[in-house]
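Note that the sequence shown covers residues 96 to 374 in the working numbering.
Backbone N, C-alpha and C define an ideal beta-carbon position, used for all residues, glycine too.
First the structure, in the form of structure tokens, and then the observations on it.
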Amino acid sequence: MAQLIDGKKISSDIKEELRIEVQQLKEQGISVCLAVVQVGEDPASCVYVKNKKRACSYIGIESKSYELPENTTEEELVKLVETLNQDDSVNGILVQLPLPDHINEDRIINLIRPEKDVDGFHPINIGRLWTGEKGFLSCTPAGIIQLLKRSDIQMSGKECVIIGRSNIVGKPMAALMLRENATVTIAHSKTVNLKEITKRADIVIVALGKEKFINSEYIKEGAVVIDVGMHRDVNNKLCGDVDFMDVEPHTSAITPVPGGVGPMTIAMLMNNCVETVRV
Ligand code: GUN
């Protein structure tokens, strides 16, 4: 039987640890405040933003909400980020992505002060990640490292294949697995012979964005499988990039969807918020 990696439980544990830490900080007169900026009303973004604000409230982090209309100009958003950068009562700034097409996402990300970049998207924080300096880590990859560590899964010396090369998941994931002394391969849409590559892996991290794409033919017997995907199947049921029913019997450990990687992203965002005030 494969070990089911319980992201719901692990994320709850982390949030509980943070709640206690924030309480202790408050007793020392230190508070934490996150500014959450959303432009437009993308339905998925609305759900994410609501969940982020709810997590803040549970942990004791103050959240300031900026819900801007879809037709907000780039200059208006620039002004808001500059104001939040200067505001000493704001510790972290989160601009929910995607932004509307008329706004240059990179310009906005680069504008957020690296010390307030709790998403870990600023090039300075990405550079720090690759050099091993202290900085904010991208939340989903950092969450996956916590899932593995807290499930006692060894990474050092293991062959890890990451499918997907996005700036938010694939690339920072590779840096973090390297930091844990894994041997890392990044596969992507132009990779030839994907099966041959994933079949070598002790740990497969799947973030390719295609519903139930990875079946047992891609997986070595006894491998660990981490599924970052999130889709609704034909029956409107949530599922991932991995065909769980087919793959699970061949693994030693696997994350479910939902209840695997998903809940970890917000837990790690909360951790980054608290990190802004840790000495
Ligand atoms: N959109 C999808 N995931 C994320 C995330 O982790 N942070 C932000 N800011 N936007 C997102």
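- The residues Tyr153, Ile154 and Gly155, in chain order, have a CB closer than 8 Å to that of Arg114 in the same chain once the five nearest residues on each side in sequence are set aside.
- Annotated as distal: Lys148 and Ala130, with beta-carbon spacing of 8 Å or more.
- DSSP places Ser184 in no beta strand (DSSP E); its state is neither H nor E.
- CA-CA distance, Ala362 to Arg223, rounds to 21 Å.
- In this structure, the CA atom of Ala97 is about 8 Å from the CA atom of Gly317.
- Looking at the DSSP output, Leu129 bridges to Ser158 and Gly187.
- If you draw a 10 Å sphere on the C-beta of Ala139, you find fewer than 16 other C-beta atoms in it, and that means exposed.
- Taking C-beta atoms as the reference points, Asn199 and Asp212 fail to come closer than 8 Å.
- Of all alpha-carbon atoms in Lys307, Glu254 and Pro164, the one lying nearest the alpha-carbon of Leu194 is that of Pro164.
- Every residue with a CB closer than 5 Å to a heavy atom of ligand 1 is listed here in chain order: Gln191, Leu192 and Asp214.
- Inter-residue distance for Asp338 and Leu120 is about 44 Å (C-alpha atoms, whole angstroms).
- Around the CB of Pro236, 16 or more other CB atoms lie within 10 Å, so the residue is classed as buried.
- Going by C-alpha positions, Pro353 is about 23 Å away from Glu136.
- Contiguous alpha helix (DSSP H) elements confined to the stretch 185 to 220 occur at 200 to 206, taking only those with 4 or more residues.
- Between Val342 and Ile349 the beta-carbon gap is near 7 Å, inside 8 Å, which marks them as a contact.
- Between Gly265 and Ile281 the beta-carbon gap is near 6 Å, inside 8 Å, which marks them as a contact.
- Per DSSP, reduced to three states, the secondary structure at Asp336 is coil, with no helix or strand assignment.
- Taking C-beta separations shorter than 8 Å and ignoring five residues to either side along the sequence, the partners of Asp108 in its chain run Arg245, following chain order.
- Nearest in C-alpha terms to Lys285, of all of Cys151, Ile204, Pro218 and Ile258, is Ile258.
- Looking from the CA of Glu254, the closest CA among Val319, Val374, Lys229 and Ile105 belongs to Val319.
- Between Met250 and Ile298, the C-beta spacing is below 8 Å.
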